[in-house]
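Residue numbering for the sequence shown follows our numbering, beginning at 90 and increasing consecutively.
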Amino acid sequence: MSALRTISPTTFRRLAVSRQHLADSTPVSIHDIVRDIGCLQLDPISAVAKSHTLVLWSRLGNYDLADLDSLLYKERALAEYWAHEASIIAIDDYQLHHARMRNYPTHGQWRIQVDAWLADEAIAALHHNLLERLRADGPLPSRVFEQRSDHHVGSSGWTSGTSVNKLIDYLWQRGEIMVAGRQGNQRLWDIAERCLPEWTPREELSPYEVTYRAAQKAIQALGVARPQHIMLHFIRRRYHDLSSILKQLEADNRIQQVAIVAEDGKTWGGDWYIHTDDLPLLEKLEKGDWTPRTTLLSPFDNLICDRKRTLQLFDFAFTIEIYVPQPKRQYGYYVLPILQGDRIIGRVDPVMDKKQGRLVINNVYAEPNAPDDAHTIEGICASITSLGQFLGAKKIDLVGKVPAAWEALRHKFG
90 MSALRTISPT TFRRLAVSRQ HLADSTPVSI HDIVRDIGCL QLDPISAVAK
140 SHTLVLWSRL GNYDLADLDS LLYKERALAE YWAHEASIIA IDDYQLHHAR
190 MRNYPTHGQW RIQVDAWLAD EAIAALHHNL LERLRADGPL PSRVFEQRSD
240 HHVGSSGWTS GTSVNKLIDY LWQRGEIMVA GRQGNQRLWD IAERCLPEWT
290 PREELSPYEV TYRAAQKAIQ ALGVARPQHI MLHFIRRRYH DLSSILKQLE
340 ADNRIQQVAI VAEDGKTWGG DWYIHTDDLP LLEKLEKGDW TPRTTLLSPF
390 DNLICDRKRT LQLFDFAFTI EIYVPQPKRQ YGYYVLPILQ GDRIIGRVDP
440 VMDKKQGRLV INNVYAEPNA PDDAHTIEGI CASITSLGQF LGAKKIDLVG
490 KVPAAWEALR HKFG
């Protein structure tokens, strides 16, 4: 067996950042970003902006949200579904997600529980009427059906609230209905067939083929990955017989193992894989062909959503403190990490005051050994300014703490 190709942690980071479209400024489309990184996680918190819009901003800068809506609800190239969490997905990957749809709910006690609920006479009637109404009059908001049903259920371990909301969630997970549009924060539902473009890939895949394709997609999105990183990425924990399929992908020359060797000569433990399609990019990076950028990251950004991997790769410990009581928070409610090139060098704690059109920077924090040169300060300033422009802020105010080495930020925004 030949010796494994070795990669330095620096090159690994640069490959990961590049595959996430967070390096250089080469024009790229929203569709390409979603397809390449796998999904945009949806989260209702909008202290700054909705997370999925921030993930795109980190890669595109000041883009038009109408372009995203068009891809979702007019062109239908994107859709809302469950990837590693509730997400925006690319219809290019519909087959990979359809495997979950046709098997939902999964086997065991969970399936027995859901089947029993669906067998209830009132629920069965609601199920029939909801689908018939959507076929006749969709797209429609869920409140249309809530007005016609006062059947209420308590928590059952999978969701709670009205039977309408519970049933809509079930039909969405099954792929029978989809989000066809939005009125403010209210989702409009319709029969799935009316929401899918003609070019939707529909060939049914076996569990083996789903994993064979999805594992490659995850590895490419991650740059280099261990099996546990793959398992937590994209179609989280739904990789059938992953270890055997990774061996087959190696045999098929779709992926190859590499060794991560640090400057001190120590080799990182575990099996690490790179996709063979990314070897030319790897070689460019090893030659120093690398254009770094500075940007801010959503707390739910795909680059850092695996916290253990983030700690190992970037030496960056990150915890979302949204649900931590304020007196116990270390950094803030909705903190955005600062990515500079292939390093995460600090954190910004912002909030958008929409009524006053004011982006408030509560505090800025630097990581240990973060650079403090003029280029670094300029990059952070430019990122905060760009965020303000994207949010439509008329003013940016830095009101709290700033690292002494970054005091120039206060002169810019204080």
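Glycine included, each C-beta is placed from N, C-alpha and C at the ideal position. These numbers were taken from a predicted model, which means no experiment stands behind them.
- The continuous beta strand (DSSP E) containing His364 extends over residues 361–364.
- Note on geometry: alpha-carbon atoms of Lys443 and Trp146 lie some 18 Å from one another.
- Excluding five sequence positions before and after Ile334, the CB atoms of its chain that fall closer than 8 Å to its own CB belong to Tyr297, Thr300, Tyr301, Ala304, Tyr328, given in chain order.
- Taking 8 Å as the cut-off, the beta carbon of Leu223 is found closer than this to the beta carbon of Ile280.
- With a cut-off of 8 Å on Cβ pairs, the region 285–295 is in contact with the region 180–193, counting three or more such pairs.
- In chain order, Leu386, Ile433, Arg436 place their CB closer than 6 Å to the CB of Pro426, counting only its own chain and leaving out the 5 sequence neighbours on each side.
- Taking all protein chains in view, the Cβ of Gln109 is crowded by 16 or more other Cβ atoms within 10 Å, so the residue is classified as buried.
- Unbroken alpha helix (DSSP H) stretches of 4 residues or longer found wholly inside the region 248–278: 252–262, given in chain order.
- Secondary structure at Pro439: strand, using DSSP grouped into helix, strand and coil.
- By alpha-carbon distance to His322, the top candidate from His120, Lys397, Pro98 is Lys397.
- Rounded to the nearest angstrom, the Cβ distance from Leu476 to Leu448 is 7 Å, consistent with a contact under 8 Å.
- By the C-beta density criterion, Asp121 is exposed, having fewer than 16 other C-beta atoms within 10 angstroms.
- Taking all protein chains in view, the Cβ of Tyr259 is crowded by 16 or more other Cβ atoms within 10 Å, so the residue is classified as buried.
- A direct Cα-Cα distance of roughly 46 Å separates Gly312 from His217.
- For Trp288, the secondary structure class from DSSP, reduced to helix, strand or coil, is coil.
- The shortest C-alpha to C-alpha distance from Leu167 to any of His196, Gln130, Ser135 is the one to Gln130.
- Phe502 and Val424 have their C-alpha atoms some 18 Å from each other.
- Distance check between His364 and each of His500, Leu277, Leu104, Ser97 places Leu104 closest, using alpha-carbon atoms only.
- The C-beta of Ile201 has fewer than 16 other C-beta atoms within 10 Å across all chains shown, which makes the residue exposed.
- Residue burial annotation: Pro439 is buried, with at least 16 other C-beta atoms found within 10 angstroms of its C-beta.
- Nearest in C-alpha terms to Ala112, of all of Ile469, Glu456, Gly430, His196, is Gly430.
- Leaving aside the five residues that flank Pro230 on each side, the residues in its chain whose CB is nearer than 6 Å to its CB run, in chain order, Gln275, Leu277.
- Distances from the CA of Leu160 to each of Ala179, Gln445, Arg326 were compared; the closest alpha carbon is that of Ala179.
- The beta carbon of Asn342 is closer than 8 Å to those of Thr365 in its chain, skipping five residues each way along the sequence.
- Residue ranges of uninterrupted alpha helix (DSSP H) with 4 or more members, entirely inside the region 161–222 and ordered along the chain, are 183–192, 198–208.
- With contacts defined by Cβ atoms closer than 8 Å, Ile177 and Glu169 form a contacting pair.
- Going by C-alpha positions, Gly264 is about 15 Å away from Pro228.
- The beta-bridge partner set that DSSP reports for Gln345 consists of Ile363.
- DSSP, reduced to helix, strand and coil, places Lys397 within a helical segment of the structure shown.
- In the three-state reduction of the DSSP assignment, Ala112 falls in the coil class.
- The beta carbon of Thr383 sits closer than 8 Å to the beta carbons of Ile427, Leu428, Gln429, Gly430, Thr465, Gly468, Ile469, Ala471, Ser472 from its chain, once the five residues preceding and following it are set aside; these are given in chain order.
- When DSSP reads this structure, Tyr454 sits in a beta bridge with Arg436.
- Separation of Glu282 and Asp395 (C-alpha to C-alpha, rounded to the nearest whole angstrom) is 34 Å.
- In the DSSP assignment, Ile126 falls outside any beta strand (DSSP E) and within the unbroken alpha helix (DSSP H) covering 119–126.
- The residues Glu169, Arg276, in chain order, have a CB closer than 6 Å to that of Val268 in the same chain once the five nearest residues on each side in sequence are set aside.
- If you look at Leu476, you'll find it in the alpha helix (DSSP H) that goes 463–480.
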